[in-house]
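Asker: Sharing a structure below in structure tokens format, with a few things to ask.
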Amino acid sequence: MDGFCEGYEYFSRSTGNAYGVLHGQRYVSSVEETIEALENDLNQFKGYGTKIDALKGDIAEFWHSGTHNIDAALKGSRMRTYVDRSHEFASADIISNWGELFGLKYYKTGADSAKAQATSYYERFMQQNSTNIKNGKEPIDFETFLRQKGFNRQEILEILGHEHQTIYEGQTKIIPEEQLEAAIEFLKQKIEKERLSRPEQVQRYQDVLNTLQGRIISPEGTKSTPLSKEEAEVLARVAKEGNVTAEEFGFNIEAVMQYEYVLQQACKAGTSAATISMVLRVAPEIYNAISYLIQTGELDAKQFQKIGFAALQGGTDGFIRGFTSAAITTCCQSGLWGAAAKSIDPAIIGAATVVMMNTMQNAFKVATGKMSQRELTDALIRDMFVSACAFAGGNIIQGIVEIPVLGYMLGSFVGSMVGSFVYTGVYKAVLSFCIDTGFTMFGLVEQDYELPKEILEEIGIDVFEYEHFVYESFEHQKFEHTAFNHEQFQHNTIGITLLRRGVIGVRKIGYI
Numbered sequence: 050m051d052g053f054c055e056g057y058e059y060f061s062r063s064t065g066n067a068y069g070v071l072h073g074q075r076y077v078s079s080v081e082e083t084i085e086a087l088e089n090d091l092n093q094f095k096g097y098g099t100k101i102d103a104l105k106g107d108i109a110e111f112w113h114s115g116t117h118n119i120d121a122a123l124k125g126s127r128m129r130t131y132v133d134r135s136h137e138f139a140s141a142d143i144i145s146n147w148g149e150l151f152g153l154k155y156y157k158t159g160a161d162s163a164k165a166q167a168t169s170y171y172e173r174f175m176q177q178n179s180t181n182i183k184n185g186k187e188p189i190d191f192e193t194f195l196r197q198k199g200f201n202r203q204e205i206l207e208i209l210g211h212e213h214q215t216i217y218e219g220q221t222k223i224i225p226e227e228q229l230e231a232a233i234e235f236l237k238q239k240i241e242k243e244r245l246s247r248p249e250q251v252q253r254y255q256d257v258l259n260t261l262q263g264r265i266i267s268p269e270g271t272k273s274t275p276l277s278k279e280e281a282e283v284l285a286r287v288a289k290e291g292n293v294t295a296e297e298f299g300f301n302i303e304a305v306m307q308y309e310y311v312l313q314q315a316c317k318a319g320t321s322a323a324t325i326s327m328v329l330r331v332a333p334e335i336y337n338a339i340s341y342l343i344q345t346g347e348l349d350a351k352q353f354q355k356i357g358f359a360a361l362q363g364g365t366d367g368f369i370r371g372f373t374s375a376a377i378t379t380c381c382q383s384g385l386w387g388a389a390a391k392s393i394d395p396a397i398i399g400a401a402t403v404v405m406m407n408t409m410q411n412a413f414k415v416a417t418g419k420m421s422q423r424e425l426t427d428a429l430i431r432d433m434f435v436s437a438c439a440f441a442g443g444n445i446i447q448g449i450v451e452i453p454v455l456g457y458m459l460g461s462f463v464g465s466m467v468g469s470f471v472y473t474g475v476y477k478a479v480l481s482f483c484i485d486t487g488f489t490m491f492g493l494v495e496q497d498y499e500l501p502k503e504i505l506e507e508i509g510i511d512v513f514e515y516e517h518f519v520y521e522s523f524e525h526q527k528f529e530h531t532a533f534n535h536e537q538f539q540h541n542t543i544g545i546t547l548l549r550r551g552v553i554g555v556r557k558i559g560y561i
């Protein structure tokens, strides 16, 4: 039972560290996965026969979507975008999980890009008829054109009344950021001109002006990285060779990670760890309160005080441990602290932070006289052993129970229990061996051969205890009448006291 209680106590204190390490590891992995996804998406164009001028638009789609997702992963946002690759008429190039649609146009000038974004149904119809005539085909009417593009009867009727509306209505229009100024100027001039001669054309240009951007921006503020037309052409050329690397374009984990993001994630980890630690600390006290209520039929106010203090202590301790562990793990795994730190196993980081923080707390107790140095050493060795078991158990169970966080925490709990039971058993066996042999285990166990006070007094040695001050007490005079006392005869005896050695302190053996 002692082993279980000690194991639970250790787990409740170290769970903040474990969660912090796990959160930091998962955070860095998510950023690395988005960077790797961008690399793979761009390198899929290896060997494409498409000309650079045409391919740069496809490259821009994956660039904006990928760099946005990297920024979202860095900021811990759930916002994500995806390149649709749909071949349907006027379909969006990029879709998002918050419902916004994006269409990209990468033309030679800002005016050309804006004009392409403002293409209307009727303009597209005229372009197709022109192509049909060049190819020797018969021209078609507008309604037939819409039917060929997959619109149903109801949609056709709606479009017939708005044939001059842009085909990209409802989409956010993305063009090269350096073209924005020229594109906006072109659209404003076009609107003023058409307002006087062809007012039915104004709406499509106004729609483009209202939704024109140089990058993807989500409601949570996550953004894509702007890409100029020239950069898109260079990237398209490298992609056709299959040689795109994130590091070459400044998107390796070491380059994008910042301490601002580390602190944000550490705060998130600390908040979650505080909640978990508070629950684990409060649970035993709630159980005791319920047990007392069942046995006595009454509520004990002191039990509620213990619950409150346990919640406060557990929450505070959990936040500090989760924050610290997550920050250290993120800095190491992301390479902020150098390539050598990046190769450190997260389990080692977790065990080290647990031992470090426990030792800091115990060292404070030693400084205030609440713990001896020998007790500090014993706690340090115990923490090192149980930590190794806890984190090893977490990694093993995580491989079996593939539910994020839950599997690892369950394994850590089991490891803490096993480690405490094993340590307690080994500790008792070592002390028994030292009791029988007098072995000091290389100085870890103190062998005390001082006789107890009771034995010294029994063999007739006066014991002076200078630590205790005995003051004289005043006694008033009392009258006692003469009493008859009969004499008692006591024969001489020989007293034998067997001395036995045992544990008299933390890692201390002596006569008991």
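According to the numbering used here, the stretch in the sequence shown is residues 50 to 561, in order.
Every residue gets a Cβ at the ideal spot worked out from N, C-alpha and C, and that includes glycine.
#1: Hey, K272 and P225 are a contact pair by Cβ (cut 8 angstroms); roughly how many whole angstroms apart?
#2: Give me the residue from D256, I339 and C380 with the minimum Cα distance to L312.
#3: When the Cα atoms are used, what is the spatial distance from A288 to K198?
#4: Opposite L150 in the DSSP bridges: which residues?
#5: Find out if the Cβ-Cβ distance for the pair G464, A439 is shorter than 7 angstroms.
#6: Which word fits G270, buried or exposed, when buried means at least 16 other C-beta atoms lie within 10 angstroms of its C-beta?
#7: Could you check where the alpha helix (DSSP H) with V293 kicks off and where it finishes?
#8: For the beta strand (DSSP E) holding Y131, just list the boundary residues, first then last.
#9: Mapping the DSSP letters down to three states, classify T215 as helix, strand or coil.
#10: Quick check on the DSSP output: the beta strand (DSSP E) that includes T417 runs from which residue to which?
#11: Over what stretch of residues does the beta strand (DSSP E) that includes K222 continue unbroken?
#12: Return the bridge partner residues of K272 from the DSSP annotation.
#13: Output the boundary residues of the alpha helix (DSSP H) element that contains L104.
#14: Just the C-alpha distance for N411 and Y76, rounded to the nearest angstrom, thanks.
#15: By the three-class DSSP mapping on this structure, what secondary structure does M50 have?
#16: Can you name, in chain order, every residue of its own chain whose Cβ lies under 7 angstroms from the Cβ of N46, other than the five neighbours on each side?
#17: Should I216 be labelled buried (16 or more other beta-carbon atoms within 10 Å of its own) or exposed?
#18: Taking just the CA atoms, how far does F200 sit from E137?
#19: Can you tell me whether L71 is helix, strand or coil according to DSSP?
#20: Give every residue of the same chain whose Cβ lies closer than 8 angstroms to the Cβ of K124, excluding the five residues on either side of it in the sequence, and list them in chain order.
#21: How about T324 and T260: do their beta carbons lie closer than 7 angstroms?
#22: Do you know offhand how far L87's Cα is from A295's?
Answerer: Taking the definition as stated:
#1: Actually they do not touch by this definition, with Cβ atoms about 15 angstroms apart.
#2: C380
#3: 32 angstroms
#4: I144
#5: Yes, the Cβ-Cβ distance between G464 and A439 is below 7 angstroms.
#6: Within a 10 Å sphere around the beta-carbon of G270 sit fewer than 16 other beta-carbons, which makes this residue exposed.
#7: Looking at the DSSP string, V293 is not in any alpha helix (DSSP H), and its letter there is neither H nor E.
#8: T130 to V132
#9: strand
#10: Looking at the DSSP string, T417 is not in any beta strand (DSSP E), and its letter there is neither H nor E.
#11: It spans T221 to I223 - the beta strand (DSSP E) in which K222 sits, taken as one unbroken run.
#12: I266
#13: I101 to L123
#14: 31 angstroms
#15: Legend: pLDDT at M50 = 48, less than 50; position of this residue unreliable, no value from coordinates given.
#16: Given a span of 50 to 561 for the chain in the structure shown, any question on residue 46 remains unanswerable.
#17: buried
#18: 11 angstroms
#19: helix
#20: Scanning its chain for C-beta atoms nearer than 8 angstroms, with the 5 sequence neighbours on each side dropped, one finds around K124 the residues E269, G270, T271, Y310 and Q313, in chain order.
#21: Their beta carbons are not under 7 angstroms apart, which means T324 does not touch T260 by this criterion.
#22: 8 angstroms
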